[in-house]
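Engineer: The sequence shown begins at 1 in my numbering and counts up by one.
Each residue gets a CB set at the ideal place from its N, CA and C atoms; glycine is no exception.
This structure is a prediction, so every number in the text was calculated from the model and none was measured.
My structure is below; once you've seen it, I'll send some questions.
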Amino acid sequence: MHRNLGRVSRTADNMLYNLRKNRPFASRFGRDEGGSLIIFSLFMLILMLMISGMAVDLMRAETHRARLQSTLDRAILAAASLEQTLNSEEVVLDYFDKAGLGAFISADDIHVVETATAKTVTATASMTAGTFFMKMVGIDRLSAPAAGIAEESLSDVEISLVLDVSGSMGSTSASGHTKMYDLIQAANEFVYLMQCDPDAEQPFDNVCVVESDTVSISLIPYAEQVLVGETLLQEFNITNEHSQSSCVDFEAADFQSTSVSLTDTLQRAGTIDRRSYHSNGNHGSSSRFARDNYRTCRTDSYRTIVPYSNDYSDLQTQISAMHAGGYTSIHLGMKWATALLDPEFQPALSNLTTGASPLITPNFDGRPYSYGRPRTKKVVVLMTDGKNTSLYSLKPGFRTGLSPFWLNDKDYSDDNDLSVYRASTNKYYHVHGDYSSRWRSYPHGNSGGDDDAVQLTYQEVWDNYAVDYWDDEFWWLADSWNYIGNSTMNTYLDNICDTAKARGIEVFTLGFETSSSSSAVLSSCASSVSHHFDVDGTDISEAFNSIAREIHDLRLTN
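Right under this line is the structure:
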C-alpha cells in the first residue's frame, strides 16, 4: 500500500516537472493563429452556398410568376375586347386551363365591368413554388402572384374628309367611269363604314353597330377655293365687302397654324372670274362678262362645307351631288380640314348647335376636343387627282370702294354705255365708237347735261366683268389681282401638313391617278408612308375602305 502511494507521488512529480519543462511550447501553441482562415473560409463557403441556393429558389419562383402573369395578361386582353362575343369570365378561365394553370385562378378572382362603349376586366391569380435551399432557414414555399387590368373603350373620332372637285375630276379613269363617279362611290362607302358598320360588306344593310355621335365627319370639297358656307363663315370675324360667296383668302403665315382665329379679321375672297379671257374678242363679244362657272369661288351648293355631321345618309346626299370644275388648291382644303379639328373652333361649334334648326347636332357640343384629351382621335383624309395649279385673289386696293368704271343706267348688257376713267389724263375712255374720239372729258351719258352715268363699285365690276377684260382692254389700269402657283402652294401644303402632324392629327392621303411628283407631295403630307395610297379608278373604293377600317382600329384603346 505504501509502495503504491509512493509510485503515484513520483508520477505526479514527474508530470509536474514535464509541464514546467514544456511551458514555453504550450504558451506558443495557445498563441499560434495558423489555420484560422480555413475556418473563416469554410464559414463563407457555406454562406455562399446558402445564398446561391436561395437565388435558385427565387429564380424558380419568378419563372412560375412570369408564366402566370403572361397567361393572365393574354387572357384579360382577349376578354376585354369589345369584339369578344364570348363570356369574358369564361375566356379568362379557358386561357388558364389551356396553359395548364387552371388550378391557380377561380371565377371569384375575375371581375368584369361592361358598358355600351367600354369593357374593363380585372383578374388576379396566385401559385406557390416549393424551395430546396431556403428550407434550411425555415422557408418551405414562395408565393408567385399575378394581377392585371385591361380596358378597351371606344374613342371619340373627329374626321375631316377633304375631296377634290376640280375640273380634272371630270376626266375618265381606269375604271371607264369619270373620276368623279368613282370618288362618289368610294366616299359614300367611307362615311357609311365610319358611322354605321366598319365591317360591312356590300350590299350595305343599314343596320348600324357604330355608336351614334362617337364619329363626327366634316365634309370639305375643294377646287381653286373652299366654299365655307355663309352660316359657318359668320362665326369668324369675316370682312363683308359682299355676300355673294363665302370663300377666304389666307396669308402665308396662316399655314403655320392648324387653327383659324375666331377674332382676328378674316379676309373674304373676291368673286372674280380669272378664266374668261377677253383677248381682243377671242371668245366673242360676251367674253368680257364674268361667268359663274369660271369664278375662283364657285357657289354651287354641293361645294359647301358640311361641318361635324353625325348622319352618313346626309353626307351621302351631299357627296352624290358633287361635280367637277375649277383649278386645284390642295393646301386650302387641308387648311380648312385642320381648322375644323382645332379646339379654337369650339366656341363657334357650340353656337352652331343652337336654334330650331342647328347646323350641327347639339350632341357634338364641346367638340372639337382638346389635342390632349384621352381617347380622342383627330383624322384628316385628303384626296386629290392632280396637283396644285393656280390661285388668284384680289389685291387689297381693289376689293371695296369706287372703281374707275362708269356705266350709263347700269346697263351691263350694252358696253356702248361703258367708259373707264384714266386719272393721269383726267379723261374717260369710251369703250365703243370711233377710236379717235374715244377719249373724252366726260363718261358715257354725261354730255349735254345727261347725268345717267353711274360710277361702279369694285364689287359691281367683279360681279359683272372678267378680270382679263380689265387687264387686256384697259392697259393703263394697275393689275388688280395676285397669283400664286404650284411651288408656293406646295410649300403651304407642306407647312400645314407638318403642323397638323405635330399636333397629333392623323393624316391619310390618296393620290387618284396622279403623277409621281404629285404622289411624292401627298406622301410627304401623310403621317407615314403607310398612310399614303396611290389609287386608280379600279381600287379607290378599296383604299377608302382600308382607311375606314384603320381609323376604326385607332378607336380601340387598350
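For Asp-254, which residues in the same chain have their Cβ closer than 8 Å to its Cβ, ignoring the five residues on either side in sequence?
Structural biologist: Excluding sequence neighbours, Asp-254 sits near Val-260 and Lys-335.
Engineer: Mind reading off the beta-carbon distance from Leu-68 to Ala-125? Whole number of angstroms is fine, and I expect it under 8 Å.
Structural biologist: Correct: roughly 5 Å between the Cβ atoms.
Engineer: Just to confirm before moving on: does the CB-CB distance between Ser-257 and Thr-499 stay below 8 Å?
Structural biologist: Cβ atoms of Ser-257 and Thr-499: closer than 8 Å.
Engineer: Roughly how many angstroms lie between the CA atoms of Ser-313 and Val-207, to the nearest whole one?
Structural biologist: If you take the alpha carbons of Ser-313 and Val-207, they lie about 13 Å apart.
Engineer: Mind checking whether Val-91 and Ala-324 have CB atoms under 8 Å apart?
Structural biologist: No. Outside cutoff.
Engineer: Count the CB pairs spanning the stretch 208-228 and the stretch 298-317 that are closer than 8 Å, and state whether there are at least three.
Structural biologist: Cβ pair count under 8 Å is three or more, so yes.
Engineer: Under the three-state reduction of DSSP, which class applies to Gly-449: helix, strand or coil?
Structural biologist: Because Gly-449 sits at a pLDDT of 48, beneath the cut-off of 50, its placement in the model cannot be relied upon, and the point is left open.
Engineer: Starting from the Cα of Glu-473, find the closest Cα among Ile-505, Glu-158, Phe-289 and Ala-520 and give me that residue.
Structural biologist: Answer by Cα proximity: Phe-289.
Engineer: Starting from Pro-347, follow the alpha helix (DSSP H) in both directions and report where the run begins and ends.
Structural biologist: 346-352 is the span of the alpha helix (DSSP H), which, as asked, contains Pro-347.
Engineer: Is Leu-569 helix, strand or coil when you go by DSSP?
Structural biologist: The structure shown has nothing for residue 569, since the chain only spans 1 to 558.
Engineer: CB-CB under 6 Å to Ala-146, same chain, minus the five flanking residues each way: which ones, in chain order?
Structural biologist: Here the set comprises Leu-68, Gln-69, Leu-72 and Ala-125.
Engineer: If you run the structure through DSSP and keep just helix, strand and coil, what is Lys-98?
Structural biologist: If DSSP states are grouped into helix, strand and coil, Lys-98 belongs with the helices.
Engineer: Measure the Cβ-Cβ separation of Val-535 and Ala-526 and say whether it is below 8 Å.
Structural biologist: Cβ atoms of Val-535 and Ala-526: not closer than 8 Å.
Engineer: Could you tell me the alpha carbon to alpha carbon distance between Val-454 and Asn-416, rounded to whole angstroms?
Structural biologist: The straight-line gap from Cα to Cα measures roughly 14 Å.
Engineer: Starting from Ile-110, follow its DSSP beta bridges and name the residues at the other end.
Structural biologist: DSSP lists Ala-123 as partners of Ile-110.
Engineer: Given that a residue counts as buried once 16 or more other Cβ atoms are within 10 Å of its Cβ, and exposed if not, what is Asp-362?
Structural biologist: The sequence shown places Pro at residue 362, rather than the Asp named in the question. Looking at its Cβ environment, which holds fewer than 16 other Cβ atoms inside 10 Å, Pro-362 is exposed.
Engineer: Between Cys-196, Ala-79 and Thr-376, which has its C-alpha nearest Ser-212's C-alpha?
Structural biologist: Taking only the C-alpha atoms, the option nearest Ser-212 is Cys-196.
Engineer: Which parts of the stretch 377-410 are runs of the beta strand (DSSP E), unbroken and 3 residues or longer, counting only runs that do not cross its ends?
Structural biologist: Those beta strand (DSSP E) runs which fall completely within the stretch 377-410 and span 3+ residues are 391-394 and 402-408.
Engineer: Got a sec? Which residues, its chain only, sit under 7 Å from Gly-485 by beta carbon, not counting five neighbours each side?
Structural biologist: These residues qualify, in order along the chain: Ser-390.
Engineer: Excluding five sequence neighbours on each side, which residues of the same chain lie with their C-beta closer than 7 Å to the C-beta of Ala-186?
Structural biologist: Closer than 7 Å at Cβ, skipping near neighbours: Ile-540, Ser-541 and Phe-544.
Engineer: Buried or exposed for Asp-109, going by 16 or more other Cβ atoms inside 10 Å?
Structural biologist: Counting Cβ neighbours within 10 Å, Asp-109 comes out buried, since at least 16 surround it.
Engineer: Where Leu-227 and Cys-247 are concerned, what is the direct C-alpha to C-alpha distance, given to the nearest angstrom?
Structural biologist: If I take the Cα positions, the gap works out to 5 Å.
Engineer: Do Met-489 and Ser-329 count as a contact pair if the criterion is CB distance below 8 Å?
Structural biologist: In contact: Ser-329 and Met-489 (Cβ atoms closer than 8 Å).
Engineer: Cα separation between Met-322 and Met-169?
Structural biologist: When rounded, the distance between both Cα atoms is 10 Å.
Engineer: How many Å lie between Ala-478 and Leu-456 at the Cα?
Structural biologist: Between Ala-478 and Leu-456, the C-alpha separation is close to 17 Å.
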